[in-house]
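Notes for the one structure printed next.
There are 2 protein chains.
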Amino acid sequence: MLGDFTYCNPTKLYFGKDALGGLNEELPKYGRNVLLVYGGGSVKKNGVYDKVREILKANGKRVFEDAGVMPNPTTEKLKEGVERARAAKADLILAVGGGSVCDYAKAVSVSVHCEEDPWEKYYIRFEEPSCEIVPVGCVLTMAGTGSEMNGGSVITNHAQKLKIGHVFGEEVFPKFSVLNPEFTFTVPRYQMISGIYDIMSHILEQYFSGTDDNTSDYIMEGMLRSFIHSADAAAENPLDYEARSNIMRTATWALNTFVAKGKTTDWEVHMLGQAVAAHTDATHGMTLAAVSLPYYRHILPYAPEKFKKYAVNVWNVNPAGKSDQEAAEEGLAAMENWMKKLGLVMRISELGATEEMIDGIVKSTLVMQGGYKVLTEDEIRAILKESL
Amino acid sequence: MLGDFTYCNPTKLYFGKDALGGLNEELPKYGRNVLLVYGGGSVKKNGVYDKVREILKANGKRVFEDAGVMPNPTTEKLKEGVERARAAKADLILAVGGGSVCDYAKAVSVSVHCEEDPWEKYYIRFEEPSCEIVPVGCVLTMAGTGSEMNGGSVITNHAQKLKIGHVFGEEVFPKFSVLNPEFTFTVPRYQMISGIYDIMSHILEQYFSGTDDNTSDYIMEGMLRSFIHSADAAAENPLDYEARSNIMRTATWALNTFVAKGKTTDWEVHMLGQAVAAHTDATHGMTLAAVSLPYYRHILPYAPEKFKKYAVNVWNVNPAGKSDQEAAEEGLAAMENWMKKLGLVMRISELGATEEMIDGIVKSTLVMQGGYKVLTEDEIRAILKESL
Numbered sequence: 147m148l149g150d151f152t153y154c155n156p157t158k159l160y161f162g163k164d165a166l167g168g169l170n171e172e173l174p175k176y177g178r179n180v181l182l183v184y185g186g187g188s189v190k191k192n193g194v195y196d197k198v199r200e201i202l203k204a205n206g207k208r209v210f211e212d213a214g215v216m217p218n219p220t221t222e223k224l225k226e227g228v229e230r231a232r233a234a235k236a237d238l239i240l241a242v243g244g245g246s247v248c249d250y251a252k253a254v255s256v257s258v259h260c261e262e263d264p265w266e267k268y269y270i271r272f273e274e275p276s277c278e279i280v281p282v283g284c285v286l287t288m289a290g291t292g293s294e295m296n297g298g299s300v301i302t303n304h305a306q307k308l309k310i311g312h313v314f315g316e317e318v319f320p321k322f323s324v325l326n327p328e329f330t331f332t333v334p335r336y337q338m339i340s341g342i343y344d345i346m347s348h349i350l351e352q353y354f355s356g357t358d359d360n361t362s363d364y365i366m367e368g369m370l371r372s373f374i375h376s377a378d379a380a381a382e383n384p385l386d387y388e389a390r391s392n393i394m395r396t397a398t399w400a401l402n403t404f405v406a407k408g409k410t411t412d413w414e415v416h417m418l419g420q421a422v423a424a425h426t427d428a429t430h431g432m433t434l435a436a437v438s439l440p441y442y443r444h445i446l447p448y449a450p451e452k453f454k455k456y457a458v459n460v461w462n463v464n465p466a467g468k469s470d471q472e473a474a475e476e477g478l479a480a481m482e483n484w485m486k487k488l489g490l491v492m493r494i495s496e497l498g499a500t501e502e503m504i505d506g507i508v509k510s511t512l513v514m515q516g517g518y519k520v521l522t523e524d525e526i527r528a529i530l531k532e533s534l
Numbered sequence: 147m148l149g150d151f152t153y154c155n156p157t158k159l160y161f162g163k164d165a166l167g168g169l170n171e172e173l174p175k176y177g178r179n180v181l182l183v184y185g186g187g188s189v190k191k192n193g194v195y196d197k198v199r200e201i202l203k204a205n206g207k208r209v210f211e212d213a214g215v216m217p218n219p220t221t222e223k224l225k226e227g228v229e230r231a232r233a234a235k236a237d238l239i240l241a242v243g244g245g246s247v248c249d250y251a252k253a254v255s256v257s258v259h260c261e262e263d264p265w266e267k268y269y270i271r272f273e274e275p276s277c278e279i280v281p282v283g284c285v286l287t288m289a290g291t292g293s294e295m296n297g298g299s300v301i302t303n304h305a306q307k308l309k310i311g312h313v314f315g316e317e318v319f320p321k322f323s324v325l326n327p328e329f330t331f332t333v334p335r336y337q338m339i340s341g342i343y344d345i346m347s348h349i350l351e352q353y354f355s356g357t358d359d360n361t362s363d364y365i366m367e368g369m370l371r372s373f374i375h376s377a378d379a380a381a382e383n384p385l386d387y388e389a390r391s392n393i394m395r396t397a398t399w400a401l402n403t404f405v406a407k408g409k410t411t412d413w414e415v416h417m418l419g420q421a422v423a424a425h426t427d428a429t430h431g432m433t434l435a436a437v438s439l440p441y442y443r444h445i446l447p448y449a450p451e452k453f454k455k456y457a458v459n460v461w462n463v464n465p466a467g468k469s470d471q472e473a474a475e476e477g478l479a480a481m482e483n484w485m486k487k488l489g490l491v492m493r494i495s496e497l498g499a500t501e502e503m504i505d506g507i508v509k510s511t512l513v514m515q516g517g518y519k520v521l522t523e524d525e526i527r528a529i530l531k532e533s534l
């Protein structure tokens, strides 16, 4: 039965080829000091950085920089960002980059005016912000995490070998996000494919949970069909604007809380993938790809009807004369073929994980309660070994 | 190609069996004077009115009433509502009822502080509000129009035989909406079925437009499959909470601007249906049902591929060995069977329209530009005659 929920998503999206012009509508709403946050410099190579600086200047902003946000933003970097934001007396944090940069910007935004250690407060004790929050805006250059329209913020603590996400409430959502599919044209192929699987996994991890008849599941089936089609088109031609548009748009809506409302969700694949990343620093989407099929094949017997539905409605499996289990397995086989053809990493050993690391990765894996099977430590170990 | 767009929907939804409790979170945000707007008294019979009054009292509000909003709210009633809101010095307009009541509340909200004639300003000249807007909240008791999470507001002018909708911007969207599927249990069957087709038509009129590969179309196919399934379940058992939940939720998301973003839309069925209603005062959803198939069969030859997609992905038509046209027609035949089984009105003559009225209805029908065929006056006449 559809559960009770509240829904509010106040983020304003500017989407399309001229989306950057939205900054001219948004910037006047905030004070003069802008902390410009970005990553390793790809935004300088593709020209987005220069365009953003120009618009900031035209709007009379005083710009402070915080560069070098890594793919898995660390507690050390977060500390640095908080210091920079404080020194700048930032009125707005403008994230220019992919999901990591947006995640990081949100982590800084709730920590600038907070005296406590943000890692302890938000990522260990999962407390809510009790201080002033600096508004965040995003200029997205990679489709994937959905961070541009939600409260998610994942931070990695290398000392503790933990990569943990806090899902903040709507007061931490970006106030606005600029989504120009053309900005994703220059994302290297490995990152693009990785982002594609991250998005796919976001949908699947919300889909594979619950036994009720829920509109969300039908909507996700539609999203998945569109997404698989567009992913193939983008892999064929990365400059296919229509395909990149559909991918970018689906990424945002897959994780802006919409499809999760009224239903349970799982997220165990993310827990497994994040644990792998904490030990290998591997690219997020690839860690998810490498653990997904061993996980899904492990939980399939606990929900064969749902996996059959997936096979039939997403992968066009003809169920005639097949048991639920058989149809379901055929769906996962179709998914496996698609993943391999797309060039996804199918084994965590290819990401640097070794047999010796398994015990550590098991320890780093959080166990979620919303999936079709709540995993034991032995099951986690078995899935990870299967993924090696 | 996915077009440029901006998206922002700030309405907060409280959904589920305990949704009315959301009023306790929302009411303190507004001043003391509340204009309570409702329709013909069904909210008194089903107890929702008493519950709302109780919560208003507990929150220390001074309540002013504006009852008797009709299914097609008129310019005369709008004038009365504006006077009542002015006399009450309303800080909040709380609409308790179906889409008509929400539509009407929005019309009042943009007219209270406006000196001009609202019909002329908003419904003839389609101007935007240039005055203070009184905030609106909704307690929904019927699923259908989506008015609870958008800026739409349809008003009827009997003297001019016109029923026209203005789609206001996000500043006119309800600040919050309370959606309890149980509140729709007592909607009479005729109204429930009518609402179901209104929702169906909202999705179809956005779906049947454009030739690009657009994620929205795939999402709408998913919504439609879920919706048809839930509509059948609700027709079978109106107290099926899961089905009524899915219907209520789909109604909201079908018309809260989400699926329309990045694509063209049509709305000619609504133009035809509203013209019929202006001459007969018939129930909204039934006017749409009665003109839909003649319209879709008329435009099918201009987009056989899209109608085939609809037949295959929504109605499970097997396209093997069939031309696009044949598969498409089979889809519309399946839809026709479903409509008849549901008990929808299939002819405008059953709604009071006569041969003699046709010329007048043709004159009242606005011609939209986004469909697969922009209709001529002769085509409108032919479709209406076919619908008789």
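Sequence lines, in order, name chains A and B.
Heads up: the first sequence begins at 147 in the numbering used here, then just goes up one per residue.
Heads up: the second sequence begins at 147 in the numbering used here, then just goes up one per residue.
Just so you know, even glycine gets a beta-carbon here, dropped at the ideal spot from N, CA and C.
Listing by chain order, which chain A residues have their CB less than 7 Å from the CB of B:E367?
Going along chain A in sequence order, the residues near B:E367 (Cβ under 7 Å) are G368.
Between the C-alpha atoms of B:Y136 and A:I445, what's the straight-line distance to the nearest angstrom?
For residue 136 of chain B there is no data in the structure shown, the boundaries of chain B being 147 and 534.
Using DSSP's beta-bridge definition, name the partner residues of B:Y250.
DSSP lists no bridge partner for B:Y250.
For A:G149 and chain B, any beta-carbon pair shorter than 8 Å?
The beta-carbon of A:G149 is placed less than 8 Å from the nearest beta-carbon of chain B.
Following the continuous alpha helix (DSSP H) through B:T398, name the residue where it begins and the one where it ends.
In this chain, the alpha helix (DSSP H) harbouring B:T398 covers 387–400.
On the premise that A:I239 lies in contact with A:V254, defined as a C-beta separation below 8 Å, what is that separation, rounded to the nearest angstrom?
Rounded, the Cβ-Cβ distance is 6 Å, consistent with contact.
Mind the definition here: the region 374–385 of chain A touches the region 388–395 of chain B only if three or more C-beta pairs lie below 8 Å; say whether that holds.
No contact exists between the region 374–385 of chain A and the region 388–395 of chain B.
Quick check for students: name the residue ranges of the beta strand (DSSP E) that lie wholly in the region 264–314 of chain A, counting only runs of 3 or more.
For secondary structure counted as the beta strand (DSSP E) over 3 or more consecutive residues, the region 264–314 of chain A holds these complete runs in sequence order: 282–286, 298–303, 308–313.
Closer than 8 Å, CB to CB, is A:K163 near chain B or not?
Chain B, which has a Cβ nearer than 8 Å to the Cβ of A:K163, makes this yes.
Whole-angstrom Cβ separation of A:V242 and A:V258, contact assumed at under 8 Å?
Contact annotation, A:V242 with A:V258: C-beta distance approximately 18 Å; criterion of less than 8 Å not satisfied.
Please name the residues in the region 339–369 of chain A whose beta-carbon is closer than 9 Å to at least one beta-carbon of chain B, in chain order.
So the close ones are D358, D359, N360, T361, S362, D363, Y364, I365, M366, E367, G368, M369.
Enumerate in chain order the residues of its own chain whose CB-to-CB distance from A:D249 is below 6 Å, with the five nearest sequence positions on each side excluded.
Counting only Cβ-Cβ distances below 6 Å, and skipping sequence neighbours, we find S293, S299, V300.
Any chance you could list the alpha helix (DSSP H) runs of at least 4 consecutive residues sitting entirely within the region 191–222 of chain A, in chain order?
Here the runs fully enclosed are 194–204.
Please list the partners that B:K409 has in chain A, where partner means a Cβ-to-Cβ separation under 8 Å.
Below the 8 Å Cβ cutoff, chain A contributes no neighbours of B:K409, its closest Cβ being approximately 11 Å away.
Classify B:Y448: buried if its beta carbon has 16 or more other beta carbons within 10 angstroms, exposed otherwise.
It is exposed - the Cβ of B:Y448 has fewer than 16 other Cβ atoms within 10 Å.
At what residue ranges does the region 148–172 of chain B contain a whole run of the beta strand (DSSP E), taking only runs of 3 or more?
Within the region 148–172 of chain B, the complete beta strand (DSSP E) segments at least 3 residues long are 151–161, listed from N- to C-terminus.
Within 8 Å (strictly less), CB to CB, does A:L401 reach chain B?
A:L401 does not count as touching chain B.
Within the same chain, show all residues whose beta-carbon is closer than 6 Å to that of B:T411, passing over the 5 residues directly before and after it, in chain order.
These residues qualify, in order along the chain: Q352, S355, G516.
Spell out whether any CB of chain A is found under 8 Å from the CB atom of B:K158.
With 8 Å as the cut-off, B:K158 counts as an interface residue toward chain A.
Straight-line Cα distance separating A:K225 from A:W265
Near 9 Å, if we compare the C-alpha coordinates of A:K225 and A:W265.
I'd like to know whether the C-beta of A:C284 is nearer than 8 Å to at least one C-beta of chain B.
Not one chain B Cβ lies under 8 Å of A:C284.
Assign B:H304 to one of two classes, buried (16 or more other C-beta atoms within 10 Å of its C-beta) or exposed (fewer than that).
Exposed, by the Cβ-count rule.
Assess contact between the region 160–178 of chain B and the region 519–526 of chain A, defined as three or more Cβ pairs (one per stretch) separated by less than 8 Å. Is contact present?
Cβ pair count under 8 Å is below three, so no.
Could one say the Cβ of A:C154 lies closer than 8 Å to chain B's Cβ atoms, at least one of them?
Answer yes: the Cβ-Cβ gap between A:C154 and chain B drops below 8 Å somewhere.
Please report the Cβ distance between B:L166 and B:K197, rounded to the nearest whole angstrom; I am assuming they are in contact, meaning their Cβ atoms lie under 8 Å.
Indeed they touch by this definition, with Cβ atoms about 6 Å apart.
Rounded straight-line distance, which links the Cα of A:D359 to that of B:N326
Answer to the nearest angstrom: the Cα atoms are 18 Å apart.
Taking DSSP as the reference, what is the three-state secondary structure of A:Y518?
Annotated three-state conformation of A:Y518 is coil, per DSSP.
What is the DSSP secondary structure of A:A241, counted as helix, strand or coil?
Judged by DSSP in its simplified three-state form, A:A241 adopts strand.
Counting only beta-carbon separations shorter than 8 Å, does B:G315 have a partner in chain A?
For B:G315, the nearest beta carbon of chain A is not closer than 8 Å to its own beta carbon.
Of the residues A:F322, A:E278, A:A474, the one placed nearest A:Y160, counting alpha carbons only
A check of alpha carbon separations from A:Y160 across A:F322, A:E278, A:A474 identifies A:F322 as the nearest.
For A:N383, I'd like the list of residues in its chain whose CB is within less than 8 Å of its CB, leaving aside the five on either flank, ordered along the chain.
The answer, listed in chain order, is A389.
Length-filtered (3 minimum) beta strand (DSSP E) runs lying within the region 314–354 of chain A:
Restricted to the region 314–354 of chain A, the beta strand (DSSP E) segments that are unbroken, complete and at least 3 residues in length are 322–325, listed in chain order.
First and last residue of the uninterrupted beta strand (DSSP E) at B:Y184:
If you look at B:Y184, you'll find it in the beta strand (DSSP E) that goes 179–184.
Compare the Cα-Cα distances from B:D212 to each of B:Y195, B:S372, B:E532 and report the closest residue.
Out of B:Y195, B:S372, B:E532, B:Y195 has the C-alpha closest to the C-alpha of B:D212.
Could you give the first and the last residue of the continuous alpha helix (DSSP H) run that contains B:A379?
It spans 361–382 - the alpha helix (DSSP H) in which B:A379 sits, taken as one unbroken run.
CA-CA distance, A:G498 and A:T426?
Approximately 6 Å, taken between the alpha carbons.
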